[in-house]
Structures are given as structure tokens and as C-alpha cells.
Ligand SMILES: Cc1cc2nc3c(=O)[nH]c(=O)nc-3n(C[C@H](O)[C@H](O)[C@H](O)COP(=O)(O)OP(=O)(O)OC[C@H]3O[C@@H](n4cnc5c(N)ncnc54)[C@H](O)[C@@H]3O)c2cc1C
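Residue numbers (this note's numbering): 38 to 547.
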């Protein structure tokens, strides 16, 4: 970190120490950038981040991201919490996800359709908790030298040609770049004038922890009713969707016991009685996405860039995907080793992923609406999801198994997350990614590939070893975020490799 005038200059200031801001901070610090995270909340702990409110389903891509940075073993909650839903079954009928409240079951999924998932792959999904994720990431960030200042909300900023002057009340901080990871109501997004385009809500969602006189009046599991949906996953812990056009959520009226009870009674069509309201929050299915993720030296990631209903649990996963994608690109830009257009590829790759997630949540809302057409569609979807192909499709979408960026290559692996190859010495390729370097993986020991990799200095690590199952591949170029940039089935062409590498890395000057 350099000091000019009165203020230290950071490479990057991140607004928000949520999971996305913290993951991004770790990625930048791993690449030796100086990072300051400013967080509005003084206390990192909150009942809303703890179970049951803070429960979060992590997708396959998120699990891989934690694994590749050596953080997966630090997420421990899932070991203690094999079955967070009291009513969930075990065995083949175990519910492992849902679409619009229609469950899909473990035994219906056919993983043999996922031909790039090797036996040593990390799990397809994992239960975690906001507090656990933030604690693990904050600890890693601190160990990498990131400064986190809590109780300091960003209130404004000025962008110049050289950097950004960031205000938090009467304090000023300087940085070369500012990234808004400050959630759905992002001050950075609003103050920078990013357009936030999308659709208005259909419902107000409620998450409620309450004492009830007669919780048994509520049916177990997810219940789609003529006015909405409710689910009691443990006595007194209830999710409700009330199709009020999102009016209550927008009104910002206080959440009283009387109001929650009225909504729950109406949606569940019971006369259940709430005796004490412990905690309640509301949310909606408003779906909006920034039409650009960058304005000069200001960038957006996570909920600051896209919001949608939490149905199907995707927001955190897509946000962490943003952070994994942006981290190394912004670091390379700061470190002067970014090829032309590298930073712009962040938006080009992540906008379509965010847009797909918004549509995924809209599709669910469309069939949950309390009207006859939606009911009819719901019934058809339920039948399809109960088939093997249907459940496999749903699981692949929800867990991000087939996510692929379009790099214009005809090779089926290019643009995908690298399979977790087990090398001949037992080392897994995901374990070689802890330091955030790109990797040239050469299964056939081709000397000319080694020479090509050397041209990119320490941006590229050359790994030459046979794999137990190389999926018929001879060599692969893997970006720091674990995405395959180039692949050859046999006789790798060094010219092709170099062309691909030049798109993501800069050749070192002798
Ligand atoms: C009920 C519910 C269930 C969900 N379940 C899932 C799930 O299972 N799986 C999933 O993938 N997603 C889920 N989500 C969505 C997920 O929680 C969010 O997408 C995720 O938290 C976004 O992370 P973030 O870091 O972008 O934003 P946030 O988690 O919102 O963090 C933003 C941070 O910025 C801080 N901040 C705000 N303003 C400022 C400011 N001006 N200056 C400095 N700091 C500021 C905030 O205090 C906060 O710490 C769920 C959401 C809800 C509501």
C-alpha cells in the first residue's frame, strides 16, 4: 500500500464484507493487491446469519471454489448438520433441492449424464450458513493482509482518471479501484448511476421464527396453496409466500405478530395461533440486474449487481462466482499483466450467468402463482421433475454442473470448470490451485508445451504428469479461476495454445 498526501492508497476498496466482498478480497490479496473492505455493520454476527435464518445451499461451483483455495475443510457446519430439515427423508427419496417447491430426490438423479464429473470431484452441493461462510472468509482475508473496517458505511465517492476517493461519513479513503459488494440496496450501484433493469415482484416472502400454540395445524413440507406457499421446516420456523404484488415488503411497515399471523392463516388456510414472534424478515421476487458491471474504476459484484427471489438458493452462489471471476482479472489489471480486454470479459462472462439465474427464479414464480393456468403448468412440471431425466436436469441447473462460458471453441471442455483430475502421484488438480496461478496441465509430457508455458512466467504453472483418468485429453490450459481456456485431445498444437494463452495472460518480457 502506498501513501500519498494525507491518505494511504489501496489498490482496491471493497464496499461490504458480505460473502462476495470477502471472497473477492481474498482473491485480490492472493495476487498481492492491497485491499480495504469497508463494512456498514459494526458487528459481524447477527441472528439472521445464523441457523435457521442463515442457512445457505452451496452449489457445485461454489464448493469447487472453496476447495481450490484450500478453504473447503474450514466449512464444518455440514458435518454437524447432516439433515437440517426435520421432515426430510434419508436414502434415495432424500430431497436434495426443489424447483418452485417441487422437490427432486437423490435417487432420481443420474450422475452418469455428467460425463466430466470424475470420481474425485467435490460434492455437488453443501449446506452452510452465512455466518460460517463470512467467518471463514474474514479469517482468510485477515491472514492475507486485507484490512477490514467495520461500522463504516460508504456514503459517497468521487472517481478520477487515476483512482477513487471514497467517503464514509467524515472519513476519506483512496484507492485505484472501488468494487460495490454492498448487497441489493448497493450505495455504490446507486451513486454511480448503474441502470438496474428488471421486473417487479409478485409476492412478499416471510421468514419467521415464532412460538405457536398449535404448530401441528400446519402441514409438513412445502405446501403450495391457493394464495401462496408455506413451509414449516421445524416447529415455529416458517417460510411464507404471499402473492400481494410485493406490497407489504415495499411498504417497510413494521412486522408485527398480528400481521404475520394474519398472513400465515390466510396462506395456510388454518387458524394456527402465534403466541410469540421471535424474529421475522421479508423478501420479494423482484428481479433486477445491472446492465453494466463496470463504470471506469467502479465495479459491481454479487447482490449489488443482481437481485432475484431466493427460490432455489442461487444468489450467493452466483455472487461468489462473480468474485472468483473478477478477482484474478482485476488483480492482473492492477499488476500490469492483463491482456487487452481482460477486465471487460468479467461482464461478458458473468452477465449471462446472472441473467439465467434471474429467469430461473422468474420461471418458478410463474408456476407458483395462485391461478388455474399456473396450477396446470405446475402439475406438468411436477410430473417431469419426477422422471430421471427431469430430476437430473433440475439438479444440474441448480448445482451449476453444466455451466460453460462461450469462448468460441468447439472443444466441449473449453469454458467449463476443470474436472478434478487425479494425477498419477495421487495429487488432485484442484489442490494445485491454492495460490491462484493459472495451470498448463500436460498429461503426455510434451516438451514444447513446457517451453510455451515458460513464456508467461509465474502466471502459468506447468504441471506434467499422467492422470488416472484424463478423459481422453492430452493437455489443458486452466485459468486462475479454474475455467478451462484451451484443451487438446491429442498432438497439442503450441500455436493454438499460445493464441489461447495470450487471451488471458501476458508474455513476460525478457
Ligand atoms: C431467505 C433467503 C435465503 C437465501 N438462501 C440462499 C441459498 O440457499 N443459496 C444462495 O446461493 N443464496 C441464497 N440467498 C441469497 C444470498 O443470501 C445473497 O445472494 C448473498 O448474501 C449475497 O451476498 P453479497 O455479499 O453480495 O451481499 P450481502 O450478503 O447482502 O452482503 C452485503 C454487505 O454489504 C454491507 N453494506 C451494505 N451497504 C453498505 C455500505 N453503504 N457500505 C459498506 N457496507 C455496506 C452489508 O452490511 C453486508 O454486510 C438467500 C437469501 C435470502 C433472503
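Backbone N, C-alpha and C define an ideal beta-carbon position, used for all residues, glycine too. Everything numeric in this text was worked out from a predicted model, so none of it was measured.
Examine chain C for any beta-carbon lying closer than 8 Å to the beta-carbon of residue i, and answer yes or no.
| i | result |
| --- | --- |
| residue 420 | The structure shown contains no chain C; it is built from a single protein chain. |
If you measure from the CB of residue i, is any heavy atom of ligand 1 nearer than 7 Å?
| i | result |
| --- | --- |
| residue 87 | no |
| residue 191 | yes |
| residue 347 | yes |
| residue 244 | yes |
| residue 341 | yes |
| residue 229 | no |
| residue 331 | no |
| residue 134 | no |
| residue 531 | no |
| residue 539 | no |
| residue 58 | yes |
| residue 76 | yes |
| residue 54 | yes |
| residue 320 | yes |
| residue 354 | yes |
| residue 93 | yes |
| residue 575 | An answer regarding residue 575 cannot be provided, because it is not within the stretch 38 to 547 covered by the chain. |
| residue 350 | yes |
| residue 553 | Since the first residue shown for the chain is 38 and the last is 547, residue 553 is missing from the structure and cannot be characterised. |
Give the single residue among the options whose Cα lies nearest to the Cα of residue i.
| i | options | result |
| --- | --- | --- |
| residue 496 | 429, 372, 504, 525 | 372 |
| residue 37 | 424, 393, 214, 288 | Residue numbering for the chain in the displayed model covers 38 to 547; residue 37 lies beyond these limits and cannot be assessed. |
| residue 320 | 251, 243, 233 | 243 |
| residue 332 | 484, 232, 154 | 232 |
| residue 74 | 85, 58, 87, 65 | 58 |
| residue 52 | 205, 412, 276, 346 | 205 |
| residue 416 | 139, 440, 539 | 139 |
| residue 301 | 251, 338, 436, 349 | 251 |
| residue 436 | 113, 136, 525 | 136 |
| residue 129 | 387, 147, 65 | 147 |
| residue 343 | 363, 314, 388, 362 | 388 |
| residue 299 | 311, 291, 48 | 311 |
| residue 155 | 465, 210, 374 | 465 |
Buried or exposed, going by whether 16 or more other CB atoms sit within 10 Å of the CB of residue i?
| i | result |
| --- | --- |
| residue 503 | exposed |
| residue 123 | For residue 123, the predicted model reports a pLDDT of 39, less than 50, meaning its position is unreliable; a value from the coordinates is still stated below. Burial call: exposed. |
| residue 118 | exposed |
| residue 54 | buried |
| residue 545 | exposed |
| residue 338 | buried |
| residue 484 | exposed |
| residue 479 | buried |
| residue 488 | exposed |
| residue 149 | exposed |
| residue 554 | Limits of the chain in this structure are 38 at one end and 547 at the other, which puts residue 554 out of reach. |
| residue 505 | exposed |
| residue 48 | buried |
Taking the Cβ atom as the reference point for each residue, do residue i and residue j lie within a distance shorter than 8 Å?
| i | j | result |
| --- | --- | --- |
| residue 341 | residue 220 | yes |
| residue 391 | residue 101 | no |
| residue 115 | residue 165 | yes |
| residue 452 | residue 458 | no |
| residue 303 | residue 234 | no |
| residue 431 | residue 200 | no |
| residue 97 | residue 438 | yes |
| residue 335 | residue 217 | yes |
| residue 191 | residue 56 | no |
| residue 377 | residue 362 | no |
| residue 163 | residue 112 | yes |
| residue 278 | residue 470 | no |
| residue 583 | residue 315 | The shown model of the chain, from 38 to 547, leaves out residue 583, and the question about it has no answer. |
Give the DSSP-derived three-state secondary structure of residue i in the structure shown.
| i | result |
| --- | --- |
| residue 510 | coil |
| residue 468 | helix |
| residue 479 | strand |
| residue 133 | strand |
| residue 554 | No answer is possible for residue 554: the residues shown for the chain start at 38 and end at 547. |
| residue 285 | helix |
| residue 140 | strand |
| residue 315 | strand |
| residue 170 | helix |
| residue 216 | strand |
| residue 306 | coil |
| residue 120 | Any reading at residue 120 must be qualified, since the residue scores a pLDDT of 48, below 50, and its modelled position is unreliable; the value itself is stated next. Three-state DSSP puts residue 120 in coil, outside helix and strand. |
| residue 364 | helix |
| residue 462 | coil |
| residue 370 | helix |
| residue 298 | helix |
| residue 111 | helix |
| residue 106 | coil |
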